[in-house]
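In our numbering, the protein residues as written are 316 to 536.
From the three backbone atoms N, C-alpha and C, an ideal C-beta is built for every residue, glycine too.
Below: the structure, in structure tokens.
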């Protein structure tokens with residue numbers, strides 16, 4: 316019998332449950348709304364588990380958060396980076412080369428956009444940056460979709476060796492939804508790909524950057 320019972324999750328709790336179910340190993344974020352509720356739910360989960368296989372940190376900024384995620388990915392673990400629209404600007408520098416090398420362990424960037432600038436210093440549509448970084452974006456419309464898309468995002472990330480952006484907005488976080496999560500499988504719980512042994516893959520330079528860019532387009536196709 317499934318050990319889960321049907322209950323009401325906020326969309327941010329649903330996203331957190333999706334990441335836990337997918338076997339996320341590292342979560343890094345710089346505080347900002349929308350999206351901070353996902354971190355709160357993950358911190359609560361980690362604090363109530365005796366041996367939580369989950370490391371959570373508030374680094375000094377979003378760039379450092381992504382670089383932590385890149386390190387976890389190279390080591391074979393799944394990582395979730397939570398940022399808001401203006402934070403997406405901060406992490407662009409490392410992302411513009413990591414998109415070329417591709418991931419090892421799955422890496423998902425949870426992007427909280429803020430139309431109306433309810434909690435931001437600008438009104439920015441960060442979806443426009445997706446055309447710059449050339450990585451896929453998913454956008455759920457309900458708590459159930461958020462849960463499912465978070466799980467799927469990690470699977471797609473590893474299958475196609477690309478980071479995945481999952482975009483939410485303030486209006487998304489304001490709704491409630493009832494759904495029945497799948498019990499986390501043993502495979503997801505212990506999923507760890509091990510350290511990747513391809514040192515030159517993670518060193519873009521003028522001699523290989525163009526070919527890496529071509530390979531990125533093949534992965535996207």
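I'd like to know whether the C-beta of residue 341 is nearer than 8 Å to at least one C-beta of chain D. Among the chains in the structure shown there is no chain D, since it carries only a single protein chain.
For residue 382 and residue 421, believed in contact at Cβ under 8 Å, the rounded distance: Actually they do not touch by this definition, with Cβ atoms about 17 Å apart.
Straight-line gap, residue 504 to residue 488 (C-alpha atoms, nearest Å): Annotation note: pLDDT 49 at residue 504 (below 50); position unreliable, coordinate value reported separately. Rounded to whole angstroms, residue 504 to residue 488 spans 27 Å at the Cα level.
Three-pair Cβ contact test at 8 Å for the stretch 420–438 versus the stretch 347–367: yes
Residues near residue 441 by beta carbon distance below 7 Å, same chain, minus five either side: 400, 403, 426 and 428
Using 8 Å as the cut-off, can you tell me whether the stretch 445–463 makes contact with the stretch 509–516, which would need three or more C-beta pairs spanning the two stretches below that distance? no
DSSP state of residue 360 mapped onto helix, strand, coil: helix
Less than 8 Å between the beta carbons of residue 344 and residue 396, yes or no? yes
DSSP state of residue 372 mapped onto helix, strand, coil: strand
Which value, in whole angstroms, describes the spacing of the CA atoms of residue 478 and residue 462? 18 Å
Measure the C-alpha to C-alpha separation of residue 530 and residue 481 and round it to an integer number of angstroms. 22 Å
Evaluate residue 623 with the Cβ neighbour count: other Cβ atoms within 10 Å of its Cβ, from every protein chain shown; 16 or more gives buried, anything less gives exposed. Because the chain here runs from 316 to 536, residue 623 falls outside it and cannot be looked at.
Do you know offhand how far residue 519's Cα is from residue 536's? 21 Å
Cutting at 8 Å between CB atoms, please list the residues of its own chain near residue 414, excluding the five before and the five after it. 448, 449, 450, 477, 478 and 531
Whole angstroms are fine: how far does the CA of residue 513 sit from the CA of residue 338? 24 Å
Counting C-beta neighbours from all protein chains within 10 Å, is the total for residue 342 16 or more, i.e. buried, or is it exposed? buried
If distances are taken between C-alpha atoms only, which option among 416, 406 and 360 comes closest to residue 524? 416
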